[in-house]
Amino acid sequence: MNTNEKGWINLITINQDAEIMRHRDRTKVLKIQGGWLCKFHHFQGASSSMTAQAMTFIPDPQHEWNPLEGQAAWERIDQKKNPNFCEYTDRIKVINGWVYKNLFFIKTGEMHISLVYVPGQ
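In the numbering used here, the protein residues as written are 3 to 123.
Right under this line is the structure:
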């Protein structure tokens, strides 16, 4: 298990050979009392100031989940694009449910991220 940032686990393997200033996304979890924090961080790269992150709580009172690096992937479930914005909605399977992510990029250089845990299969 590859951890960094004091206990955070990378759910998706990070390409350590990638150029430092390239576009990158990070999806990490941290074990806390009662469950997990899930954090998504987006860094657009050196040519843009767009960077943002969001977190959500995943309930797992008994810590039954054993997240391992590289054992998860985001699944695209919706996408909208026009000349003024791009919007992507993805989900990733976690214990007893899904984490949904919405990324919203605006032509003027703004970006917004939302994460939410939804229980269920």
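From the three backbone atoms N, C-alpha and C, an ideal C-beta is built for every residue, glycine too.
Model, not experiment: these values are computed from the prediction.
Cut-off 6 Å between Cβ atoms - residues of its own chain near residue i, not counting five sequence neighbours on either side
i	result
residue 88	107
residue 67	97
residue 105	90, 115
residue 43	28, 55
residue 103	42, 92, 117
residue 94	74, 76, 101
residue 123	none
For residue i, the three-state DSSP class (helix, strand or coil)
i	result
residue 115	strand
residue 36	coil
residue 80	strand
residue 72	coil
residue 44	strand
residue 11	strand
residue 122	coil
residue 108	strand
Cβ pair residue i, residue j closer than 7 Å
i	j	result
residue 56	residue 117	yes
residue 41	residue 12	no
residue 86	residue 121	no
residue 71	residue 15	yes
residue 9	residue 32	yes
Per DSSP, cross-strand counterpart(s) of residue i
i	result
residue 58	40
residue 89	82, 106
residue 100	95, 120
Interface flag, residue i vs chain D, CB-CB below 7 Å
i	result
residue 45	The question asks about chain D, but that chain is absent: this structure has only one protein chain.
Chain-order list of residues whose beta-carbon lies under 7 Å from that of residue i (same chain, five-residue window excluded)
i	result
residue 2	Residue numbering for the chain in the displayed model covers 3 to 123; residue 2 lies beyond these limits and cannot be assessed.
residue 59	37, 39, 119
residue 69	11, 13, 31
Legend entry - the region 58 to 65 / the region 75 to 88 touching (three or more Cβ pairs under 8 Å): No, because fewer than three Cβ pairs between the region 58 to 65 and the region 75 to 88 fall closer than 8 Å, the two stretches do not touch.
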